[in-house]
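Novice: Take this structure, written in structure tokens, and hold onto it; I'll ask about it next.
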Amino acid sequence: MTLSLWSTRPTDHCSFKAGYQQAGQLNQMYDMIKWPLDYFLKAWDPTKKVLTAQVGDGGADHAFWGRPEDMTMNRPCKQISTSNKGSDIAGETAAALAASYIAFKDKGDDQYATQLLQAAESLYLFAKTNRGVFSGSAAYYGSSGDQDEMCEAAVWLYRATGNNDYLNDAKSFVETAWGWALSWDDKKVACQGSDIAGETAAALAASYIAFKDKGDDQYATQLLQAAESLYLFAKTNRYAGNAAFMALLAAEAGIEPQTYRQWAAEQINYLLGDNNHNGGCFSYEIGYGNKYPEQPHHRGASCPDRPAPCGSGQLNADAPSPQILQGALVGGPDASDNYNDRRTDYVQNEVATDYNSGFQGALAGINSLLASGDMPATNNKCPCKN
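Mapping of the sequence shown onto full-length UniProt numbering: residues 1 to 386, in sequence order.
The structure is reproduced here in structure tokens:
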């Protein structure tokens with residue numbers, strides 16, 4: 001969420017808003033992000049100091065396969081309060097709200113923007129004075145800490161308000177440890193790469209992106225030969241998309257612009273078809289090009305139109321999903337650059353909002369650079385859509 005909003009930032013060198021405008025998708029972007037923002041506003045009660053952090057039981061939810069509107073099981077809520085800590089979730093939610101304030105202020109929706117900022121500031125104060133990691137989702141999404149989320153919150157609140165107290169907080173939260181990737185759990189790279197984090201953090205961010213330094217023992221990623229720099233982890237496409245986005249931001253900040261813009265574009269080109277899977281020209285973005293995943297691990301997409309039933313049979317069916325998840329990025333290839341388009345393989349075929357966040361930001365950035373004429377030539381042309 002916060003990563004997606006970063007790409008819409010309206011001012012300074014870190015804005016790819018023009019990329020959305022060029023594609024005619026800016027209003028769509030505003031509409032898309034308002035859905036989770038409205039949820040965040042409802043989830044946070046500043047009077048009671050309670051944030052609803054999770055809805056549903058991971059075990060029960062994963063055991064169900066069918067249409068979301070057919071989920072009739074009990075879906076308990078888990079909340080963060082002064083007695084149930086969760087500053088990791090509260091901090092990141094505050095970051096998203098603060099970033100959204102900037103976006104909607106620029107859009108001209110002052111009333112909604114003010115509501116977002118008020119919620120962001122009160123939630124950040126709550127998180128700062130009630131530090132502790134949320135344990136309610138540990139079985140599925142265990143958190144490694146809250147310092148990166150608190151840093152992101154302080155960064156975005158400083159950007160939104162200009163209040164130096166937030167700037168000082170951000171500097172105190174910046175971590176000097178290496179981040180293996182920008183992910184839903186580890187966001188230290190985003191804070192290290194921010195424009196207020198200081199020279200040391202900027203150097204760390206540059207080192208993180210420095211794919212050329214493959215011999216560095218501290219470099220936390222492994223590299224695939226096929227994509228040269230595609231991260232070698234489960235569900236690897238999202239990390240490649242996030243890294244491409246961060247590389248574009250580094251370039252905007254003046255760190256080897258030509259090198260990192262070219263590298264970012266080549267990562268995205270790989271995801272969109274400049275690869276060898278299925279004879280080549282295979283896009284990992286559903287609906288793009290002529291060859292793309294047909295069996296995403298997604299319950300609703302696997303269900304036929306009503307009144308036909310939907311259940312575990314659809315999970316195991318070796319057939320294209322009846323509903324096309326246009327634009328979704330799937331998990332991606334394994335360490336040997338092999339990909340199996342089967343719904344039952346959730347590692348390679350899962351889709352999620354965080355998979356698309358950095359990916360779409362990178363697309364907006366590349367589109368913006370193409371429009372301005374600042375996009376360098378790449379070693380792969382991705383001539384595969386048609």
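Glycine residues also receive a C-beta, built at the ideal position from the N, C-alpha and C atoms.
Under 6 angstroms Cβ to Cβ from Ala-113, same chain only, skipping five residues before and after it: list those, please.
Specialist: Residue mapping note: residue 113 aligns to position 113 of the sequence shown, counting from 1. Only Tyr-101, Phe-104 and Lys-105 meet the Cβ criterion.
Novice: Within the chosen definition, does the region 79–86 reach the region 35–55 through at least 3 CB pairs nearer than 8 angstroms?
Specialist: With a cut-off of 8 angstroms, the region 35–55 and the region 79–86 count as touching, because enough Cβ pairs lie within range.
Novice: Apart from the five residues on each side of it in sequence, which residues of its chain come closer than 8 angstroms, Cβ to Cβ, to Pro-68?
Specialist: In the sequence shown, counting from the first residue as 1, residue 68 sits at position 68. Cβ within range, chain order: Arg-299 and Gly-300.
Novice: Is Gln-326 near Gly-287, with beta carbons less than 8 angstroms apart?
Specialist: Indexing the sequence shown from 1 puts residue 326 at position 326. Indexing the sequence shown from 1 puts residue 287 at position 287. Yes, the Cβ-Cβ distance between Gln-326 and Gly-287 is below 8 angstroms.
Novice: First and last residue of the alpha helix (DSSP H) that includes Gln-21?
Specialist: Taking the first residue of the sequence shown as position 1, residue 21 is located at position 21. 17–23 is the extent of the alpha helix (DSSP H) around Gln-21.
Novice: Which of the three DSSP states is assigned to His-62 in this structure?
Specialist: Here residue 62 refers to the residue found at position 62 of the sequence shown. Residue state, collapsed to three classes: helix.
Novice: Starting from the Cα of Tyr-239, find the closest Cα among Ala-177, Tyr-355 and Lys-34 and give me that residue.
Specialist: On the sequence shown, residue 239 is found 239 positions in, with the first residue counted as 1. Answer by Cα proximity: Tyr-355.
Novice: If you check the beta carbons only, do Asn-380 and Asp-274 fall under 8 angstroms apart?
Specialist: Locating residue 380 in the sequence shown gives position 380, where the first residue counts as 1. Locating residue 274 in the sequence shown gives position 274, where the first residue counts as 1. Yes. Within cutoff.
Novice: Rounded to the nearest angstrom, what separates Thr-117 and Met-29 at their Cα positions?
Specialist: Along the sequence shown, one-based indexing puts residue 117 at 117. Along the sequence shown, one-based indexing puts residue 29 at 29. Here residue 117 turns out to be Leu, not Thr, going by the sequence shown. Each residue's alpha carbon lies about 19 angstroms from the other.
Novice: Which of the three DSSP states, helix, strand or coil, is assigned to Asp-45?
Specialist: Counting from 1 along the sequence shown, the entry for residue 45 is found at position 45. Looking at Asp-45 - three-state DSSP - the assignment turns out to be strand.
Novice: Going along the chain, which residues of its own chain have a beta-carbon closer than 6 angstroms to the beta-carbon of Ala-98, five neighbours each way excluded?
Specialist: Along the sequence shown, one-based indexing puts residue 98 at 98. Excluding positions up to five away in sequence, the list reads Ala-120, Trp-156, Leu-157 and Ala-160.
Novice: Mind checking whether Val-133 and Asp-148 have CB atoms under 8 angstroms apart?
Specialist: Taking the sequence shown and counting its residues from 1, one reaches residue 133 at position 133. Taking the sequence shown and counting its residues from 1, one reaches residue 148 at position 148. Not closer than 8 angstroms, so no.
Novice: Compute the Euclidean distance between the alpha carbons of Phe-211 and Ala-153, then round it to the nearest angstrom.
Specialist: Translated into the one-based positions of the sequence shown, residue 211 becomes position 211. Translated into the one-based positions of the sequence shown, residue 153 becomes position 153. Confidence at Phe-211 is low in this model, with a pLDDT of 42, below 50, so the placement of that residue is unreliable and no value is reported for it.
Novice: Residues in the same chain with beta-carbon distance under 8 angstroms from Ser-312, minus the five sequence neighbours each way, listed in chain order, please.
Specialist: Here residue 312 corresponds to residue number 312 of the sequence shown, with the count starting at 1. These residues qualify, in order along the chain: Trp-65.
Novice: Might you give, ordered along the chain, the residues of its own chain that have their beta carbon closer than 8 angstroms to the beta carbon of Trp-184, omitting 5 neighbours on each side?
Specialist: Start at 1 with the first residue of the sequence shown, and residue 184 comes out as number 184. For Trp-184, where only same-chain residues beyond five positions count, the Cβ hits under 8 angstroms are Tyr-141 and Asp-354.
Novice: Could you check what DSSP says for Val-50 in three-state terms: helix, strand or coil?
Specialist: In the sequence shown, the residue the question calls residue 50 occupies position 50. In this structure, Val-50 counts as strand in the three-state DSSP scheme.
Novice: Go through its chain and collect everything with a Cβ distance to Val-55's Cβ below 7 angstroms, but skip five positions before and after it.
Specialist: On the sequence shown, position 55 is the one that residue 55 refers to. Counting only Cβ-Cβ distances below 7 angstroms, and skipping sequence neighbours, we find Arg-75 and Cys-77.
Novice: Whole angstroms is fine: what's the gap from Arg-261's alpha carbon to Glu-350's?
Specialist: As a position in the sequence shown, residue 261 is number 261, starting the count at 1. As a position in the sequence shown, residue 350 is number 350, starting the count at 1. If I take the Cα positions, the gap works out to 28 angstroms.
Novice: Comparing alpha-carbon positions, which option in Gln-348, Asp-57 and Arg-343 lies nearest Asp-337?
Specialist: Within the sequence shown, residue 337 is the residue found at index 337, counting from 1. Nearest option by C-alpha distance: Gln-348.
Novice: Between Asn-237 and Tyr-284, how many whole angstroms is the CB-CB distance? I'm expecting something under 8 angstroms.
Specialist: In the sequence shown, the residue the question calls residue 237 occupies position 237. In the sequence shown, the residue the question calls residue 284 occupies position 284. So it is a contact: roughly 5 angstroms between Cβ atoms.
Novice: Determine, using beta carbons only, whether Leu-182 and Asn-130 come nearer to each other than 8 angstroms.
Specialist: As a working note, residue 182 is residue 182 in the sequence shown. As a working note, residue 130 is residue 130 in the sequence shown. In this structure, Asn-130 does not lie closer than 8 angstroms to Leu-182 by Cβ.
Novice: How many Å lie between Pro-304 and Met-73 at the Cα?
Specialist: Taking the sequence shown and counting its residues from 1, one reaches residue 304 at position 304. Taking the sequence shown and counting its residues from 1, one reaches residue 73 at position 73. Straight-line Cα distance between these residues: approximately 22 angstroms.
Novice: Can you tell me the Cα-Cα spacing of Leu-272 and Ser-15, whole angstroms?
Specialist: Along the sequence shown, read from residue 1 onward, the residue named residue 272 stands at position 272. Along the sequence shown, read from residue 1 onward, the residue named residue 15 stands at position 15. Distance between the alpha carbons of Leu-272 and Ser-15: 23 angstroms.
Novice: Determine the extent of the beta strand (DSSP E) in which Lys-78 is found, giving its start and end residues.
Specialist: For the purposes of this step, residue 78 is taken as the residue at position 78 of the sequence shown. Segment 77–80, the beta strand (DSSP E) holding Lys-78.
Novice: For the alpha helix (DSSP H) that Ile-268 lies in, which residues bound it at each end?
Specialist: Mapped onto the sequence shown, residue 268 falls at position 268. Taken as a continuous stretch (DSSP letters only), the alpha helix (DSSP H) holding Ile-268 covers 257–272.
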